[in-house]
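Going letter by letter, the sequence shown gives residues 42 to 264 in my numbering.
Glycine included, each C-beta is placed from N, C-alpha and C at the ideal position.
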Amino acid sequence: MILNWNEPLADGVQAVYEDADLLVLQKPSGLLCVPGRGPDKQDCLSARAQERWPGALIVHRLDQATSGLVLMARHIDMQRRLSHAFAERQVHKRYQAVVQGLLGPAEQTWHEINLPIAADWERRPLRVIDPALGKPSLTRWRLRAQDLVAGTTHVELEPVTGRTHQLRVHLAAIGHPILGDALYADAATQAQAPRLLLHASHLAFTHPGTGAWLALEWAAEFA
Numbered sequence: 042m043i044l045n046w047n048e049p050l051a052d053g054v055q056a057v058y059e060d061a062d063l064l065v066l067q068k069p070s071g072l073l074c075v076p077g078r079g080p081d082k083q084d085c086l087s088a089r090a091q092e093r094w095p096g097a098l099i100v101h102r103l104d105q106a107t108s109g110l111v112l113m114a115r116h117i118d119m120q121r122r123l124s125h126a127f128a129e130r131q132v133h134k135r136y137q138a139v140v141q142g143l144l145g146p147a148e149q150t151w152h153e154i155n156l157p158i159a160a161d162w163e164r165r166p167l168r169v170i171d172p173a174l175g176k177p178s179l180t181r182w183r184l185r186a187q188d189l190v191a192g193t194t195h196v197e198l199e200p201v202t203g204r205t206h207q208l209r210v211h212l213a214a215i216g217h218p219i220l221g222d223a224l225y226a227d228a229a230t231q232a233q234a235p236r237l238l239l240h241a242s243h244l245a246f247t248h249p250g251t252g253a254w255l256a257l258e259w260a261a262e263f264a
């Protein structure tokens with residue numbers, strides 16, 4: 042079952058799916074998922090959602106610079122059940138990204154990046170590849186398209202594990218940083234896009250309340 046609603050909420054936020062138990066919202070790039078420190082960081086996806094759905098609770102997060110689908114619970118019991126589903130890797134996520142360089146070899150073939158990720162304590166919140174201290178981290182990727190003129194590649198990504206900045210760190214580690222990445226790309230790659238070209242495009246899971254299979258899609262604006 043694939044649902045793709047298009048209901049405006051506020052300032053680029055879209056309600057993709059809603060029922061009595063949960064929400065799936067489309068977060069624009071540049072918007073926090075939860076409030077940050079300071080009065081200038083109180084506007085966020087959760088605050089906007091709670092204006093319309095009082096009691097709505099965050100279940101997982103996207104980086105501020107990343108756009109795409111975010112799952113929220115409408116009450117505490119559903120938050121616990123969805124959090125458990127994430128912990129057990131029962132929620133399937135896929136992303137779209139545009140990276141520097143021509144990444145191959147063949148379309149539709151899935152490949153793996155299996156590199157351990159650790160916190161870079163001296164440069165927090167950055168993460169690094171660390172064979173000694175890093176946690177096992179696995180990303181699957183496949184080619185979507187190449188731009189031979191620009192020297193870039195559009196890839197589909199599937200994080201098997203869920204480390205902080207995992208997709209950004211893994212792609213940078215293999216020499217193909219994401220365009221517009223202010224944390225892990227060089228200045229030239231950052232300058233190739235006005236935002237981070239990373240988008241959470243697919244979210245699929247079994248609804249804990251009804252048992253129905255939900256699969257939500259939202260195309261990237263740069264796709």
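Residue i to residue j span [Cα, whole Å]
i: LEU126; j: VAL190; result: Reading off the sequence shown, one finds Ala at residue 126, where the question assumed Leu. If you take the alpha carbons of ALA126 and VAL190, they lie about 42 angstroms apart.
i: LEU147; j: ILE215; result: Note that residue 147 corresponds to Ala in the displayed sequence, not to Leu. Going from the Cα of ALA147 to the Cα of ILE215 covers about 17 angstroms.
i: ALA106; j: SER70; result: 5 angstroms
i: TYR136; j: TRP182; result: 9 angstroms
i: ALA90; j: ARG115; result: 10 angstroms
i: GLY79; j: ALA88; result: 15 angstroms
i: HIS217; j: VAL140; result: 6 angstroms
i: ASN45; j: GLU258; result: Its pLDDT being 46, under 50, ASN45 is placed unreliably by the model, and the measurement read from it follows with that caveat. Each residue's Cα considered, the two are about 6 angstroms apart.
i: LEU237; j: ALA261; result: 12 angstroms
i: LEU244; j: VAL57; result: 11 angstroms
i: PRO249; j: LEU239; result: 28 angstroms
i: LYS134; j: GLU163; result: 30 angstroms
Buried versus exposed call for residue i [16 or more other C-beta atoms within 10 Å across all chains shown]
i: THR247; result: exposed
i: ILE158; result: buried
i: ALA97; result: buried
i: GLU153; result: exposed
i: ALA253; result: exposed
i: PRO200; result: buried
i: ARG168; result: buried
i: GLY53; result: exposed
i: MET42; result: Only weak support exists for where MET42 lies, its pLDDT of 41 falling under 50; the value from the coordinates is given anyway. That one is exposed.
Residue i, enclosing beta strand (DSSP E) - first and last residue
i: GLU197; result: 193 to 200
i: HIS240; result: 239 to 247
i: GLU258; result: 254 to 258
i: ALA56; result: 54 to 59
i: ALA234; result: Unbroken run through ALA234: none, as it is neither H nor E.
i: ARG102; result: Here ARG102 belongs to no beta strand (DSSP E), and DSSP marks it neither H nor E.
First and last residue of the uninterrupted alpha helix (DSSP H) at residue i
i: ALA213; result: 207 to 214
i: LEU86; result: 86 to 93
task = Tell me the start and end of each unbroken beta strand (DSSP E) in the segment 111 to 175 that is at least 3 residues and wholly inside, in chain order.
result = Segments of the beta strand (DSSP E) lying fully in the segment 111 to 175: 133 to 141, 152 to 155, 158 to 160 and 168 to 170.
ask   = Is the segment 196 to 205 close to the segment 59 to 79, with three or more CB pairs under 8 angstroms?
value = Counting Cβ pairs under 8 angstroms, fewer than three are found: no touch.
query = Counting Cβ pairs, one atom from each stretch, are 3 or more of them under 8 angstroms apart for the segment 208 to 223 and the segment 168 to 179?
reply = Pairwise C-beta distances place the segment 208 to 223 in contact with the segment 168 to 179, as three or more of them are shorter than 8 angstroms.
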